[in-house]
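Engineer:
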Amino acid sequence: MSYYFGFNTPEEQKKKRKSDLTAIGEKVTSFFWDIAPANGFEMREGQQDMSFEIVDALIHDQHFAVEAGVGIGKSFGYLVPVLLYNKRMKKPVIVATSTIALQEQLWDDIHIVMKLLNLQPEVILAKGQTHYLCHKRADEHINTADAVIPDELQIGLESGFQERKQFSQTLPQNIWDKVNVQRFSMRNCGGCEKKCLYHAIRSKIKYTDGIILCNQDFLTAHLQQIRGWQDGLINREADLIVVDEAHNLDDKVRSATTKRINQGMLLGLIKSATNEVKAADRQNIYGDVEDAKKSISVFFDRLKAQMQEQIDHSRQDMRYADRFFFDGGEDSIALLKAMIESIKSVALSIQIYTSFDYGSRTTAASDELDSLSESLAEMIEQIDSNLLWIERKGKNAELVYCPKNTSQITNRLYFSGKERVILTSATMTNASNGEFVDQYSYFIGNTGFPTDERGCLSEPKPSPYPYDEHSMIYYCDDLPHPTQEHEAFIEQGVQRLLEVLEISGGKALVLFTAKTDMEEVYTILSKLNLPYKVLMQQPGSSQDKILNEFREDTNSVLLGTGAYWEGISIEGKSLSNVVIFRLPFPVPDPIIEYKASIAKDALMDVRVPEMIIKLKQGIGRLIRNFSDTGIVCIIDPRLRDDPPAKYHDIVWESLPIKNKTNSLDKLKRFFDSLSSLNDH
Ligand code: SF4
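Under our numbering, think of the first position of the sequence shown as 6, with each following residue one higher.
#1: Taking 8 Å as the threshold, find out whether the segment 200-214 comes into contact with the segment 94-104 through three or more Cβ pairs.
#2: Residue 210 and residue 180 - do their beta-carbons sit closer together than 8 Å?
#3: Using the C-alpha atoms, what's the distance from residue 406 back to residue 470?
#4: Please output, in chain order, the residues near the ligand SF4 using a CB cut-off of less than 5 Å to any non-hydrogen atom of the ligand.
#5: Are the beta-carbon atoms of residue 662 and residue 473 separated by less than 8 Å?
#6: Alpha helix (DSSP H) containing residue 353: first to last residue?
#7: Using the DSSP secondary-structure output, state which residues sit across from residue 408 in a beta bridge.
#8: Roughly how far, in whole angstroms, is the beta-carbon of residue 619 from the beta-carbon of residue 657, given that I think they are within contact range, below 8 Å?
#9: Would you say residue 664 and residue 477 are within 8 Å of each other, going by their C-beta atoms?
#10: With respect to the alpha helix (DSSP H) encompassing residue 309, which residues constitute its N-terminal and C-terminal limits?
#11: May I ask whether a heavy atom of the ligand GTP can be found less than 7 Å away from the beta carbon of residue 673?
#12: Measuring CB atoms only, is the segment 48-67 touching the segment 457-464, in the sense that at least three cross pairs come out at less than 8 Å?
#13: Please go through the same chain and pick out, in chain order, the residues whose beta-carbon is closer than 6 Å to the beta-carbon of residue 601, but skip the five residues on each side of it.
#14: Among 66, 651, 164, 392, which one has its Cα closest to the Cα of residue 609?
#15: Helix or strand or just coil, what does DSSP make of residue 96?
#16: Measure the beta-carbon distance from residue 168 to residue 136 and round it to whole angstroms, keeping in mind my assumption that it falls under 8 Å.
#17: Should the segment 73-85 be regarded as contacting the segment 111-124, the criterion being three or more beta carbon pairs within less than 8 Å?
#18: Have a look at 353, 666, 515, 491 and flag the residue whose alpha-carbon is nearest the alpha-carbon of residue 502.
#19: For a minimum of 4 consecutive residues, which ranges assigned as the alpha helix (DSSP H) are wholly contained in the segment 442-497?
#20: If you measure between the beta carbons of residue 537 and residue 564, is that distance less than 8 Å?
#21: Taking the alpha-carbon positions, what's the residue 327 to residue 396 distance?
#22: Pull up the distance between the alpha-carbon of residue 7 and that of residue 261, whole angstroms please.
#23: Look at the Cβ atom of residue 634, then the Cβ atom of residue 679, and state whether they are nearer than 8 Å.
#24: Which whole-angstrom value is the C-beta distance of residue 258 and residue 427, which I expect to be below 8 Å?
#25: How many Å lie between residue 43 and residue 36 at the Cα?
#26: Exposed or buried, which one is residue 544 when buried takes at least 16 other CB atoms within 10 Å?
#27: Based on DSSP bridge pairs, tell me the residues matched to residue 264.
#28: Are the segment 222-240 and the segment 418-432 touching by the rule of at least three beta carbon pairs closer than 8 Å?
#29: Looking at residue 586: is its Cβ nearer than 8 Å to the Cβ of residue 640?
#30: What is the residue span of the alpha helix (DSSP H) that residue 55 lies within?
#31: Could you pull out every residue in the same chain whose Cβ sits closer than 8 Å to the Cβ of residue 425, ignoring the five residues on either side in sequence?
#32: Excluding the five sequence neighbours on either side, which residues of its own chain have a C-beta within less than 8 Å of the C-beta of residue 184, listed in chain order?
#33: Starting from the C-beta of residue 448, find all residues in its chain whose C-beta is less than 6 Å away, skip the five residues before and the five after it, and write them out in chain order.
#34: From residue 685 to residue 154, what does the alpha carbon distance come to, in whole angstroms?
#35: Identify every residue that forms a DSSP beta bridge with residue 517.
Given below as structure tokens:
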């Protein structure tokens, strides 16, 4: 029965919805003005505004996007209206994030808000599937001859653990990957559903009318299904969605629409499909199979050669690159077409022979080969609208492809249905001046967020932290150019790094864009007799472990790249200095190059916005609460004042810390003065 029973005409339903939302708005007001203060919660202006604006956008039937600076308490800002909406409308609400850390934080936050609002909806936390134990795979692993079964696994299984976080941190990742859930499918599970936590979660979220906390990958897969008229992974009654960490949304949609093939996978699939043909008939497909194997091998040899060529001859250091350009010249395309044709032929032959076979043989592999050959044929037919690149897989190469225009796809998935979507993040804008459409222009371009009456862009909410009293940015104007004079830059950059580390007495997070730079700097620092420990995550070890070491050894210096720019939060003295070793302009990458190729101004419309968003994320690591203090040091000459780069003003205006200097003396005086603040 519909909740709007008794309000049958669309007009009546609209009126009823509006009055419900207005009532929710009143409750939001009472939460921030009465309930929260009465319970000792200090509410922040930007947070309340965000809540009121969300309700207002819903009243106007709009999607809503807001940048909420660090410390606003944005999760409370959306959880209050979300919980009230769920209660009043009796509809499930989805909240999706892109990191496990935020998902777990939200679990705590939502229970605090529920208590304050005196609400008890069902809340389901659905982490990514690989965080859960698969009993079937664990049994298979344990029963494999020569299986490695470390104590951490044995103890965890005996204790009935179900999630990665219950097992010891020291359980090696490669062992966990053998026993966790992978490629979950309700149809393929059998016999072990009753004891499987992940199966229980997946079943519950299809019917719950509560709150679902999931990740953006899962939400995207759900929306792909319901836009394709399938059932969906979550209760499709959910018509309110919150996407937190929304600056990652276009990456998530791109990866959901990305397909990949490699030699091992293709040969394995052909072998399995061939085995589904009756032995007596196999000789009839032998020729097609051999042709396909040959063309696959020729094509992937070509990819490997292209990858090696880029490693050996690119102007940039590509030794650690994951993505490489696919040379779409005539020769390569001809080899790709030949391979696809041969896969099509073998798939067709196998289909013919398996369809003659009326026995009870399975056709799973031949069906999979058939649908893969169709998908490849479709890709090659529309090659101009697809983006192709190569990815390194061990010593081999994978061909990866996805539609070029993911913003159209994101728009269709997220903004074309009955659901209203609230998007938020601490880093969504790429400029701090101009109309909101200009400030959010990069985000809009990447996601297709509607800028007509269906979308509402909110005024960015600045962080409430006292940045300019508690922090200062140091920038260099006298170093060599980081890419044009790379060797000299590293040499002089390390000297400058040592000077700023001396000022803060270590206690620093040094962020790198290029892994090669990080390793080079680590090697140099490790040879010096420094009064602080220098840490870097080693292959095979976990980020949590190194972060704990960094926290506990207050003076230590941690070098990081990739996930260290955004996913970590370290409060207190251990992190008193964030060093940006080279501005985080994107490294050459097929996706960035594609975006650049269609931009009017590749530098100002793509590379600079990418860099600003990442720089803001890095700087955001420094001040994590009202009492944190410290300095940010940018080891790169490109933000100098004289002569200014084309992007000088837009970058400086975008940064949350306005207090800046290019003098090491001033920096030292400022840093020393912070101790008096810390004493209070
Ligand atoms: S129900 Fe599926 S995911 Fe769960 S343990 Fe069984 S096979 Fe693994």
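The beta-carbon is built from N, C-alpha and C at its ideal position, and this holds for glycine as well.
Structural biologist: Put simply:
#1: yes
#2: Walking along the sequence shown from the start, residue 180 turns up at place 175. Walking along the sequence shown from the start, residue 210 turns up at place 205. Result no, Cβ atoms of residue 180 and residue 210 do not sit closer than 8 Å.
#3: For the purposes of this step, residue 470 is taken as the residue at position 465 of the sequence shown. For the purposes of this step, residue 406 is taken as the residue at position 401 of the sequence shown. Roughly 43 Å between the two C-alpha positions.
#4: Checking every Cβ against the heavy atoms of the ligand SF4 under 5 Å gives 139, 140, 141, 186, 194, 197, 198, 201, 204.
#5: In the sequence shown, counting from the first residue as 1, residue 662 sits at position 657. In the sequence shown, counting from the first residue as 1, residue 473 sits at position 468. Yes, Cβ-Cβ distance for residue 662 and residue 473 is below 8 Å.
#6: The residue given as residue 353 occupies position 348 in the sequence shown. Residue 353 -> alpha helix (DSSP H) spans 335-361.
#7: Position 403 of the sequence shown, counted from the first residue, corresponds to residue 408. 391.
#8: Position 614 of the sequence shown holds residue 619. Position 652 of the sequence shown holds residue 657. Contact flag wrong, Cβ pair sits at about 16 Å.
#9: Working through the sequence shown from its first residue, we reach residue 664 at position 659. Working through the sequence shown from its first residue, we reach residue 477 at position 472. Yes, these two residues count as a Cβ contact at 8 Å.
#10: As a first step, residue 309 must be located in the sequence shown, where it is residue number 304. That run of the alpha helix (DSSP H) goes 287-318.
#11: Annotation note on the ligand GTP: not contained in the displayed structure, which lists the ligand SF4 as its ligands.
#12: yes
#13: Counted from its first residue, the sequence shown places residue 601 at position 596. Cβ within range, chain order: 607, 611.
#14: Here the question's residue 609 lines up with position 604 in the sequence shown. Among 66, 651, 164, 392, the Cα nearest to that of residue 609 is on 651.
#15: The residue given as residue 96 occupies position 91 in the sequence shown. DSSP places residue 96 in the coil class of the three-state scheme, outside both helix and strand.
#16: What you label residue 168 is simply residue 163 of the sequence shown in a count that begins at 1. What you label residue 136 is simply residue 131 of the sequence shown in a count that begins at 1. Yes, they are in contact, since the Cβ atoms of residue 168 and residue 136 sit about 6 Å apart, within 8 Å.
#17: yes
#18: Within the sequence shown, residue 502 is the residue found at index 497, counting from 1. Minimum Cα distance to residue 502 is reached at 515.
#19: 446-452, 472-475
#20: Along the sequence shown, one-based indexing puts residue 537 at 532. Along the sequence shown, one-based indexing puts residue 564 at 559. No, the Cβ-Cβ distance between residue 537 and residue 564 is not below 8 Å.
#21: Indexing the sequence shown from 1 puts residue 327 at position 322. Indexing the sequence shown from 1 puts residue 396 at position 391. Spanning the two alpha carbons is a distance of roughly 6 Å.
#22: Here the question's residue 7 lines up with position 2 in the sequence shown. Here the question's residue 261 lines up with position 256 in the sequence shown. Any reading at residue 7 must be qualified, since the residue scores a pLDDT of 45, below 50, and its modelled position is unreliable; the value itself is stated next. Each residue's Cα considered, the two are about 33 Å apart.
#23: In the sequence shown, counting from the first residue as 1, residue 634 sits at position 629. In the sequence shown, counting from the first residue as 1, residue 679 sits at position 674. Cβ distance < 8 Å, so residue 634 and residue 679 count as in contact.
#24: Within the sequence shown, numbered from 1, the residue matching residue 258 stands at position 253. Within the sequence shown, numbered from 1, the residue matching residue 427 stands at position 422. Actually they do not touch by this definition, with Cβ atoms about 17 Å apart.
#25: Position 38 of the sequence shown, counting from 1, holds the residue named residue 43. Position 31 of the sequence shown, counting from 1, holds the residue named residue 36. Spanning the two alpha carbons is a distance of roughly 10 Å.
#26: Here the question's residue 544 lines up with position 539 in the sequence shown. When all chains shown are included, residue 544 counts as exposed.
#27: Position 259 of the sequence shown, counting from 1, holds the residue named residue 264. For residue 264, the beta-bridge partners assigned by DSSP are 406.
#28: yes
#29: By 1-based counting over the sequence shown, the position of residue 586 is 581. By 1-based counting over the sequence shown, the position of residue 640 is 635. Contact: yes.
#30: As a working note, residue 55 is residue 50 in the sequence shown. Where residue 55 is concerned, the enclosing alpha helix (DSSP H) stretches over 50-64.
#31: Here residue 425 refers to the residue found at position 420 when the sequence shown is read from its first residue. Cβ neighbours of residue 425 beyond the five flanking positions: 62, 63, 66, 67, 68, 69, 244, 245, 246.
#32: Taking the sequence shown and counting its residues from 1, one reaches residue 184 at position 179. Answer for residue 184: 138, 139, 142, 143, 146, 158, listed in chain order.
#33: Stepping through the sequence shown from its first residue, residue 448 is reached at position 443. Closer than 6 Å at Cβ, skipping near neighbours: 433.
#34: Within the sequence shown, numbered from 1, the residue matching residue 685 stands at position 680. Within the sequence shown, numbered from 1, the residue matching residue 154 stands at position 149. Note that residue 685 has pLDDT 49, beneath the 50 cutoff, so the model's placement of it is unreliable and no number is given.
#35: The count along the sequence shown starts at 1 and reaches residue 517 at position 512. Note: residue 517 sits in a beta bridge opposite 566, 586.
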